[in-house]
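The opening position of the sequence shown corresponds to residue 32 in my numbering, with each subsequent residue numbered one higher.
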Amino acid sequence: HPPGTLSLPVLGAPLDEVVATGSLALVEGPDGPEIRYHEHRFPVRPGTGAEADAGPDLSPAALREVLDRQWYRLGHWRLADEDLSYRRFFDVTDLVGVRVEDPDVFDRTHALVVELVRSGVVQGLRIDHVDGLADPRGYLDRLSEVTHGVWVVVEKILERGERLPPDWAADGTSGYEGGALVTALLHDPAGAEALGALFASRVERSSSWASAVSTAKADVIARLFRAERARLARLALAAWSPGPLGRTAPVDVEDAFTALLVAFDRYRLYAPPRGALSDADRALLSDVVGRAARSAPRSAPLLRAIERTLREGSGGAAGRELRTRLNQVAGAVMAKGVEDTALYRWVAHPGAGDVGAAPVPLGCSLAEAHEAAAHLAAWPHGLVATSTHDSKRSEDARARLALLGEVVDEWTAVVDAVAARLGAGPGAPPDGWALLVLCQSLVAAWPVDGKRLSGYLEKAAREAKRRTSWRAPDVEYETGLRAMATAAVDDDEVRGLVTAFVDRLDVAARENGLAQVLAKVALPGIPDVYRGNEAWRYDLTDPDNRRPVDHRAMDRLIETARSRRDAPWPEPQPGLAKAWLLVRGLGVRRARAEAFREGYAPLLAQGAAADHLFAFVRGHEVVALVPRFPLARARAGGWRDTTIELPPGRWRDALAGGPTREGEVAVASLLDTFPVGLLVRQPGPTRAAR
Numbered sequence: 032h033p034p035g036t037l038s039l040p041v042l043g044a045p046l047d048e049v050v051a052t053g054s055l056a057l058v059e060g061p062d063g064p065e066i067r068y069h070e071h072r073f074p075v076r077p078g079t080g081a082e083a084d085a086g087p088d089l090s091p092a093a094l095r096e097v098l099d100r101q102w103y104r105l106g107h108w109r110l111a112d113e114d115l116s117y118r119r120f121f122d123v124t125d126l127v128g129v130r131v132e133d134p135d136v137f138d139r140t141h142a143l144v145v146e147l148v149r150s151g152v153v154q155g156l157r158i159d160h161v162d163g164l165a166d167p168r169g170y171l172d173r174l175s176e177v178t179h180g181v182w183v184v185v186e187k188i189l190e191r192g193e194r195l196p197p198d199w200a201a202d203g204t205s206g207y208e209g210g211a212l213v214t215a216l217l218h219d220p221a222g223a224e225a226l227g228a229l230f231a232s233r234v235e236r237s238s239s240w241a242s243a244v245s246t247a248k249a250d251v252i253a254r255l256f257r258a259e260r261a262r263l264a265r266l267a268l269a270a271w272s273p274g275p276l277g278r279t280a281p282v283d284v285e286d287a288f289t290a291l292l293v294a295f296d297r298y299r300l301y302a303p304p305r306g307a308l309s310d311a312d313r314a315l316l317s318d319v320v321g322r323a324a325r326s327a328p329r330s331a332p333l334l335r336a337i338e339r340t341l342r343e344g345s346g347g348a349a350g351r352e353l354r355t356r357l358n359q360v361a362g363a364v365m366a367k368g369v370e371d372t373a374l375y376r377w378v379a380h381p382g383a384g385d386v387g388a389a390p391v392p393l394g395c396s397l398a399e400a401h402e403a404a405a406h407l408a409a410w411p412h413g414l415v416a417t418s419t420h421d422s423k424r425s426e427d428a429r430a431r432l433a434l435l436g437e438v439v440d441e442w443t444a445v446v447d448a449v450a451a452r453l454g455a456g457p458g459a460p461p462d463g464w465a466l467l468v469l470c471q472s473l474v475a476a477w478p479v480d481g482k483r484l485s486g487y488l489e490k491a492a493r494e495a496k497r498r499t500s501w502r503a504p505d506v507e508y509e510t511g512l513r514a515m516a517t518a519a520v521d522d523d524e525v526r527g528l529v530t531a532f533v534d535r536l537d538v539a540a541r542e543n544g545l546a547q548v549l550a551k552v553a554l555p556g557i558p559d560v561y562r563g564n565e566a567w568r569y570d571l572t573d574p575d576n577r578r579p580v581d582h583r584a585m586d587r588l589i590e591t592a593r594s595r596r597d598a599p600w601p602e603p604q605p606g607l608a609k610a611w612l613l614v615r616g617l618g619v620r621r622a623r624a625e626a627f628r629e630g631y632a633p634l635l636a637q638g639a640a641a642d643h644l645f646a647f648v649r650g651h652e653v654v655a656l657v658p659r660f661p662l663a664r665a666r667a668g669g670w671r672d673t674t675i676e677l678p679p680g681r682w683r684d685a686l687a688g689g690p691t692r693e694g695e696v697a698v699a700s701l702l703d704t705f706p707v708g709l710l711v712r713q714p715g716p717t718r719a720a721r
């Protein structure tokens with residue numbers, strides 16, 4: 032577009048075609064002449080819309096003349112991939128990024144929020160996609176100032192080992208890392224190799240999670256973010272001018288940025304737009320550039336030049352803007368490349384991968400879990416979320432899928448049987464990926480109807496971008512997916528296979544679900560319960576997880592749970608055990624509030640099944656017993672000789688009741704009435720004191 036004009040790639044077809052069909056019109060609006068295109072209204076530069084009186088009689092040539100005199104250029108939406116003169120939310124061209132770092136923009140965009148907070152209508156704020164901000168730290172400081180320190184959590188994906196900057200004016204995150212910990216706890220690492228072999232045999236023999244991530248990120252850069260990459264290249268060249276690097280071919284600089292963005296293993300650096308990089312940011316940048324240079328040796332000199340510019344803050348205004356824009360683009364590439372592409376392609380560990388939770392390595396050791404929990408304790412007012420509107424599958428669906436690694440042979444037999452049953456008919460899977468995702472989805476959401484299943488498979492396939500995509504749908508492939516889904520849910524033999532397998536998993540899956548609830552309630556942080564997840568809920572990704580919730584039925588279930596004294600196990604009513612545990616657990620948090628405000632200490636079991644118990648102490652007053660790997664444990668003979676040494680004092684289970692306990696106790700006796708335990712310290716002397 033000509034210099035000084037704004038590109039607006041929002042049309043459904045090239046401009047000349049849209050003008051010729053009459054979809055664009057120059058009309059007299061309430062504030063003067065304007066351009067209308069369906070629901071869109073575009074202002075007309077003063078003095079250039081005199082022809083508005085002509086209305087529909089205005090010729091295409093005259094309309095083009097008016098359009099050519101505007102400060103913007105309308106274009107086909109696909110042009111956004113090549114030519115975009117503003118920042119957008121990921122690849123959504125209609126969602127324009129605003130410069131909230133500008134004080135005037137901040138004040139105007141936050142006026143209502145500040146009013147609602149100061150009036151007491153709003154008691155807390157969740158900041159979405161904080162990584163998209165030019166200066167997250169500065170933004171949060173300003174927000175805290177104008178809201179007088181209202182409770183704030185940030186939607187922030189932290190990769191393994193990454194920590195929220197301690198100087199951010201936030202109370203924590205929206206809970207992805209807590210959910211990732213809980214999800215990892217439920218997955219037995221022993222199943223990784225066999226699950227990987229099943230994926231390799233059905234989908235892609237040579238693929239690893241790391242290669243899937245790299246390929247997916249490179250794909251989204253090439254498909255979705257070419258305009259953003261070109262902007263980074265222009266900024267780098269401007270920062271290097273008038274030196275020799277400033278005369279580098281733009282395509283070579285773009286290649287270097289592709290390698291750099293692919294190598295980024297987290298959402299951003301934490302450096303402000305101005306000022307020196309922290310030691311941590313310097314180390315991260317050096318590591319990223321090193322990996323990028325090894326993957327793209329031809330780009331190594333340019334990558335080192337980019338590193339120097341970012342590290343030193345050189346290159347004037349262009350160099351400073353490069354640091355800001357790189358951070359914003361890196362986050363978008365991570366989101367679209369990993370969460371919205373790789374997780375849908377690499378489906379070897381279906382219950383482990385989610386927003387903020389990588390599927391590799393599968394599971395975690397108890398030492399890793401306790402380390403992660405201790406870091407949660409640094410942010411006691413952050414959230415712990417196991418299901419959200421962004422979840423790829425709901426918490427209970429993942430709890431069921433987590434068991435696949437404990438019964439891989441049986442699971443493989445189910446996949447093979449479904450493949451054999453559907454393989455010769457009109458509902459034959461269009462490829463191995465479709466078959467495996469079909470079987471995973473049947474198990475995760477069973478019982479599920481054809482409409483829900485078809486909708487999920489279509490979305491998953493488009494997100495994976497293997498054979499079809501949102502931008503270029505493959506009608507034939509998607510028709511095959513729908514036919515496969517319909518055939519699967521309508522076929523008596525397939526239904527019988529899935530029902531029998533889900534029944535086989537059922538008790539263990541609900542035990543996993545209860546383990547999730549207890550971990551979420553007892554871990555450091557504030558437990559976040561997503562709509563409808565007070566009871567068992569087997570959702571797939573949105574829009575499936577946004578289906579209506581029967582809140583009256585949920586209220587009745589909660590009231591039943593509140594009135595029940597003894598543990599509802601075996602479960603007399605679907606969802607009652609989960610709701611009851613949630614009610615009881617929150618009651619303990621309320622009654623022992625001081626214990627949950629600070630303090631976390633690991634508690635280690637001893638014996639044959641010690642690795643199957645995640646136990647910890649909160650504030651010397653509460654002990655949580657979170658079991659894992661129920662099928663593997665049952666196959667090995669149960670808890671056997673496993674014991675746990677309780678902290679000094681007398682303890683009683685707030686869930687199952689029973690006698691008070693002291694000292695070393697058999698785990699089997701602690702969990703013989705209800706699958707999880709929540710022990711609270713009792714008053715009175717211990718046996719030793721007596």
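For glycine and all other residues, C-beta sits at the position ideal for the given N, C-alpha and C. Quick caveat, the model's predicted, so the values are computed rather than measured.
Any alpha helix (DSSP H) of 4 or more consecutive residues that is wholly inside the region 319 to 372: 331 to 343 and 347 to 365
Counting only runs of 4+ residues fully inside the region 534 to 615, write out the alpha helix (DSSP H) ranges in chain order. 582 to 594
According to DSSP, residues forming a beta bridge with E59: P64
Which ranges does the beta strand (DSSP E) cover as unbroken runs of at least 3 residues, wholly within the region 642 to 718, from first to last along the chain? 644 to 649, 653 to 658, 674 to 676, 681 to 684, 688 to 692, 695 to 697 and 708 to 713
What is the residue span of the alpha helix (DSSP H) that R265 lies within? R257 to W271
Those residues which DSSP pairs with F736 across a bridge: Nothing can be reported for residue 736, as the shown portion of the chain is limited to 32 through 721.
I need the straight-line Cα distance from A608 to H179, nearest angstrom please. 41 Å
Closest by C-alpha distance to T52, when choosing among G63, V474 and L94: L94
Helix, strand or coil for D125? Go by DSSP, reduced to three states. strand
Beta strand (DSSP E) containing F73: first to last residue? H71 to P74
Taking the CB atoms as reference points, tell me whether A476 and R483 lie closer together than 8 Å. yes
CA-to-CA distance, K423 to W501, given in whole angstroms: 17 Å
Beta-bridge partners of H107, as assigned by DSSP: L42
Please name the residue, chosen from H218, L171, V251 and T246, that lies closest to P303 on a Cα-to-Cα basis. L171
For D534, is the classification buried or exposed, using 16 other Cβ atoms within 10 angstroms of its Cβ as the cut-off for buried? exposed
Measuring only the C-alpha atoms, how far is S150 from T204? 24 Å
Quick one: Cα of P392 to Cα of F647, how far? 23 Å
So, do the region 412 to 426 and the region 555 to 569 have three or more beta carbon pairs nearer to each other than 8 Å? yes
8 Å Cβ shell around V320 - same chain, five flanking residues per side excluded: L291, A294, L334, R335, I337 and E338
If L353 and A270 are in contact, beta carbons under 8 Å, what's the gap, nearest whole angstrom? 6 Å
With the cut-off set at 8 Å, would you say G694 and L677 are in Cβ contact? yes
Cα-Cα separation between D586 and G563, rounded to whole angstroms: 10 Å
Please state the DSSP three-state secondary structure of W377. coil
Tell me the DSSP bridge mates of D385? A388
Limits of the unbroken beta strand (DSSP E) element including P411: P411 -> no beta strand (DSSP E), and no H or E assigned at all.
Cβ pair R620, V552 closer than 8 Å: yes
Three or more C-beta pairs below 8 Å linking the region 447 to 460 and the region 493 to 500: no
Using a Cβ-Cβ cut-off of 6 Å (strictly less than) and excluding sequence neighbours within five positions of R153, which residues of its own chain qualify? Residue identity check: residue 153 is Val in the sequence provided, not Arg. Correct list, in chain order: L147.
Any chance the CB of V538 is under 7 Å from a heavy atom of the ligand PLP? Ligands displayed in this structure: none; no statement on the ligand PLP is therefore possible.
Please determine, among L709, A363, T140 and V185, the residue with the shortest C-alpha to C-alpha distance to I158. V185
N- and C-terminal bounds of the alpha helix (DSSP H) containing W2: Given that the chain is displayed from residue 32 to residue 721, the structure contains no residue 2 and the question cannot be resolved.
Beta-carbon spacing of V144, F137 below 8 Å: no
Does the region 625 to 636 come within contact of the region 564 to 581, defined as at least 3 CB pairs closer than 8 Å? no
If we count the other Cβ atoms within 10 Å of its Cβ and call it buried at 16 or more, is W199 buried or exposed? buried
Tell me which residue opens and which closes the beta strand (DSSP E) that W182 is part of. W182 to V185
Beta-carbon gap between A697 and T717 smaller than 8 Å: no
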